[in-house]
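In my numbering, the protein residues as written are 4 to 429. Positions of the beta carbon are idealized from the N, C-alpha and C atoms, including for glycine. Since the model is a prediction, treat every value here as computed from it, not as a measurement. Have a look at the structure below, then the notes.
Structure representation (structure tokens):
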């Protein structure tokens with residue numbers, strides 16, 4: 004018997020869980036070592052700064068989502084703010100690129116934790132092989148219509164959040180205060196660098212806006228869900244980062260940078276704690292790969308349907324899978340093969356900071372429709388752009404190739420959109 008519209012509505016708790024699940028994905032398991040290298044024992048301050056930027060962004064998303072409830076989320080907001088044209092099309096292309104980079108990050112995180120179970124001497128070739136294999140696995144699994152994967156998402160979210168809370172709360176009783184001393188901080192500039200790198204750990208809050216069309220009262224439920232989910236995640240991230248830094252010297256965190264969260268569980272949970280966190284990381288990264296892979300494919304389908312990508316991206320190729328899914332998978336593997344985890348994290352955070360900046364800039368053009376406060380939207384725009392610039396300066400020092408590729412991708416998205424639209428004109 005089909006559900007009634009009321010039965011299928013998304014409640015506030017369900018909307019909050021969507022936001023928490025979207026943010027506490029693979030990022031927290033994968034990027035701690037990268038952030039620790041940037042900000043030292045002030046890692047928790049970086050997480051706080053990143054959370055504040057995310058909170059400002061949620062204001063804009065709350066206003067836009069309440070006025071234009073749609074499953075399209077940021078895709079819809081960009082079109083509403085900028086109109087159908089080269090700017091919205093280019094930013095939507097960049098969003099698709101952001102998904103591709105995020106999947107590559109999650110895949111490398113999966114590989115790093117997977118290798119802890121069978122080797123003490125991981126190699127880059129082995130890591131990249133495992134990362135590529137897991138992406139291909141989920142691609143074919145969903146080609147075959149594995150609906151059980153989607154149904155398992157809620158369970159996986161509950162498990163990983165519970166394990167993180169257990170880890171954070173238990174670890175707080177064993178921290179060494181001297182490890183948290185400002186003596187081990189790496190300076191204000193580096194703290195902001197760290198905040199920029201980790202922003203990809205907050206970008207998932209936008210998934211709540213995608214569910215606005217299924218809420219009974221999005222004008223009320225959406226803002227509450229956005230703010231509460233981000234605040235809850237900030238608290239969890241702060242507790243986790245303090246526990247990690249308080250239980251391991253920075254040198255040890257960096258030495259185990261690809262699986263730092265599991266390493267930090269050893270001092271108080273022993274090897275069993277290490278394995279427990281590693282298992283949670285495998286579940287988390289696997290679910291994130293699955294969800295983001297097909298989220299990215301759906302974005303490519305939507306923008307191809309709107310004429311911003313060639314028709315092949317929306318065309319069904321095999322068992323209902325679109326060409327966009329196949330191309331997304333291929334590009335993910337290319338990023339895995341040519342970039343390390345740190346470079347991928349920096350590019351992913353940079354892409355999403357630009358997307359949120361684009362959403363905020365477009366929002367400024369339609370303030371009269373949403374009723375938003377101009378200064379709050381402007382502050383969100385400034386913070387996103389400022390964090391992007393800081394992140395790129397840091398990345399230029401640490402991994403200049405990643406910056407050059409990022410610039411190429413940004414320019415490429417705009418040039419492709421401009422040329423493609425020109426070619427499609429009658």
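- Considered as a whole, the region 53–127 harbours 77–85, 89–118 as its complete alpha helix (DSSP H) runs of no fewer than 4 residues, in chain order.
- The residues 237, in chain order, have a CB closer than 6 Å to that of residue 54 in the same chain once the five nearest residues on each side in sequence are set aside.
- For residue 13, the pairing in a beta bridge is given by DSSP as 218.
- The residues 241, 244, 245, 248, in chain order, have a CB closer than 7 Å to that of residue 47 in the same chain once the five nearest residues on each side in sequence are set aside.
- With fewer than 16 other CB atoms across the displayed protein chains lying within 10 angstroms of its CB, residue 376 is exposed.
- Three or more pairs of CB atoms, one per stretch, sit closer than 8 Å, so the region 355–367 contacts the region 195–209.
- Taking the CA atoms as reference points, residue 338 sits about 6 Å from residue 107.
- The closest CA to that of residue 105, considering only 239, 404, 327, 26, is found on 26.
- Each residue's CA atom was taken as its position, placing residue 144 and residue 187 some 46 Å apart.
- Shown here, residue 209 sits in a helix according to DSSP, grouped into three states.
- The residue from 116, 266, 251 with its alpha-carbon nearest to that of residue 43 is 251.
- When beta bridges are read from the DSSP output, residue 188 appears opposite 43.
- According to the DSSP assignment, residue 368 belongs to no alpha helix (DSSP H), since it is labelled neither H nor E.
- Cβ-Cβ distances below 6 Å link residue 189 to 42, 43 in the same chain, with the five nearest sequence neighbours on each side left out; the list follows chain order.
- A distance below 8 Å separates the beta carbons of residue 56 and residue 386.
- In the pairwise beta carbon analysis, the region 119–127 is classified as not touching the region 358–378: fewer than three pairs are separated by under 8 Å.
- Cβ contact annotation for residue 93 (same chain, cutoff 7 Å, sequence separation greater than five): 416, 417, 420, in chain order.
- With at least 16 other beta carbons inside 10 angstroms of its own, residue 91 counts as buried.
- Per DSSP, the unbroken alpha helix (DSSP H) holding residue 388 starts and ends at 377–401.
- The alpha-carbon separation between residue 306 and residue 295 amounts to approximately 16 Å.
- Distance from residue 287 to residue 163 at the Cβ level is roughly 4 Å; contact confirmed, criterion being Cβ atoms closer than 8 Å.
- By the neighbour-count definition (other C-beta atoms within 10 Å, threshold 16), residue 79 is a buried residue.
- Short of 6 Å from the beta carbon of residue 215, and not among the five residues preceding or following it, lie these beta carbons of its own chain, in chain order: 68, 72, 221, 225.
- Around the beta carbon of residue 407, fewer than 16 other beta carbons lie within 10 angstroms, which makes this residue exposed.
- For residue 398, the CB contacts under 6 Å within the same chain, skipping 5 residues up- and downstream, are 349, 405, 406 in chain order.
- In this structure, the alpha-carbon of residue 298 lies about 43 Å from that of residue 181.
- Between residue 257 and residue 40, the C-beta spacing is below 8 Å.
- 8 Å or more divides the Cβ of residue 103 from the Cβ of residue 118.
- Non-local C-beta neighbours of residue 85 in its own chain, meaning closer than 6 Å and more than five positions away in sequence, comprise 91, 365, ordered along the chain.
- In this structure, residue 292 places its C-beta atom within 8 Å of the C-beta atom of residue 110.
- Membership of residue 182 in any alpha helix (DSSP H) is not indicated, and neither H nor E is assigned to it by DSSP.
- With a minimum length of 3 residues, the unbroken runs of beta strand (DSSP E) contained wholly in the region 262–344 fall at 319–321.
- In this model, residue 217 and residue 66 are separated by some 16 Å (Cα to Cα).
- Boundaries of the alpha helix (DSSP H) harbouring residue 32: 30–33, taken from the DSSP string.
- With a cutoff of 8 Å on beta-carbon distance, residue 396 and residue 235 are scored as not near each other.
- With distances taken between CA atoms, residue 342 lies nearest to 401 out of 401, 70, 427, 213.
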